[in-house]
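Numbering (my numbering), first residue to last: 2 to 271. Glycine included, every Cβ here is placed at the ideal spot set by N, Cα and C. All values reported here derive from a predicted model rather than from experimental measurement. So the structure is just underneath, and the comments pick up after that.
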């Protein structure tokens, strides 16, 4: 695909800045409660969205607010979200704003289909405030894979919480805290707060490459694993051991820690 010139990127930004957007503000909370006083409460999410539009999007208007209280992000079959989609398809709404990607949804494949296929086809702008993502910004398209990685973690949280976490842990997850035994590949624990995950640049670059090979180049899981092994790139298992000072364990039995097709599948098909 031909690379856009700086002039074309500037022209795109001008076009988007001149267009009038009718925003639909969306908020979601997994645990039903109107008394949760934190950054992820429904009222706080909607307030953040209102303030962002007012301060940063002159010429745009907030047309409607939609919310799902006590509804899991693993499904898009939600009353509030369904109403938002209905208004998008009718032309009432042509832009969507959320506090962060996890409020939008934790089902990675469905979320990306909406962001990459459905919304572009309907000419809908999408903004995720805390992630610094705006589909109207050409730079965001170039950095799309960073957001793909974040979606992987979002769905990982949802999957493990449904099986292993207590209600207290579910509330903590609502605050953006991670209670799993090991962060998903591509993330690491924050040094400031071990319950918060941040992107691990080294592992994340491998995830980006895996997605490029799988989605853009059409390689099979087996082929991708072969390439990574040939280049001596540590698998998730060996990477974890090496990072925690146990490289000798990998060196004693390297074949035990090779990339396998199922590792690639788990990364691309959460």
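Whole-angstrom distance between residue j and residue i, CA atom to CA atom
i, j, result
"residue 98", "residue 264", "34 Å"
"residue 135", "residue 115", "14 Å"
"residue 208", "residue 233", "15 Å"
"residue 53", "residue 89", "20 Å"
"residue 59", "residue 22", "10 Å"
"residue 123", "residue 246", "50 Å"
"residue 121", "residue 253", "50 Å"
"residue 326", "residue 117", "Residue 326 falls outside the range modelled here, since the chain spans only 2 to 271, and no answer is possible."
"residue 41", "residue 55", "20 Å"
"residue 191", "residue 91", "43 Å"
"residue 133", "residue 45", "18 Å"
"residue 5", "residue 100", "Per-residue confidence for residue 5 stands at a pLDDT of 44, beneath the threshold of 50, marking its modelled position as unreliable; no derived number is given."
"residue 243", "residue 83", "46 Å"
"residue 28", "residue 205", "28 Å"
"residue 141", "residue 113", "14 Å"
"residue 183", "residue 241", "9 Å"
Same chain only: Cβ atoms within 7 Å of residue i, ignoring 5 sequence neighbours per side
i, result
"residue 239", "251, 258"
"residue 66", "26, 47"
"residue 201", "187, 188, 189"
"residue 64", "23, 24, 25, 93, 94"
"residue 295", "Residue 295 lies beyond the residue range present for the chain, which begins at 2 and ends at 271; the question has no answer from this structure."
Residues near residue i in its chain [Cβ-Cβ closer than 6 Å; skip 5 each side]
i, result
"residue 260", "226, 229, 230, 236"
"residue 215", "269"
"residue 222", "262, 265, 266"
"residue 72", "79"
Residue range of the beta strand (DSSP E) that includes residue i
i, result
"residue 65", "62–70"
"residue 26", "23–30"
Counted within 10 angstroms of its Cβ, other Cβ atoms place residue i as buried (16 or more) or exposed
i, result
"residue 94", "buried"
"residue 169", "Note on residue 169: pLDDT 42, under 50, position unreliable in the model; the coordinate value appears next. Exposed."
"residue 80", "exposed"
"residue 50", "buried"
"residue 103", "buried"
"residue 193", "exposed"
"residue 248", "exposed"
"residue 196", "exposed"
"residue 87", "exposed"
Bounding residues of the alpha helix (DSSP H) (the contiguous stretch that carries residue i)
i, result
"residue 44", "43–57"
"residue 263", "262–269"
Close-in-space but distant-in-sequence residues of the same chain around residue i (CB under 8 Å, 5 per side omitted)
i, result
"residue 96", "22, 23, 24, 25, 61, 125, 126, 127, 128"
"residue 85", "25, 27, 65, 67, 94, 97"
Residue ranges of each beta strand (DSSP E) within the segment 188–250, 3 or longer: Fully enclosed beta strand (DSSP E) runs of 3 or longer: 188–190, 198–200.
Every unbroken alpha helix (DSSP H) within the segment 75–148, with a cutoff of 4 residues, ordered by chain: Runs of alpha helix (DSSP H) with 4 or more residues, each lying fully within the segment 75–148, are found at 80–91, 102–105, 109–114, 139–143, listed in chain order.
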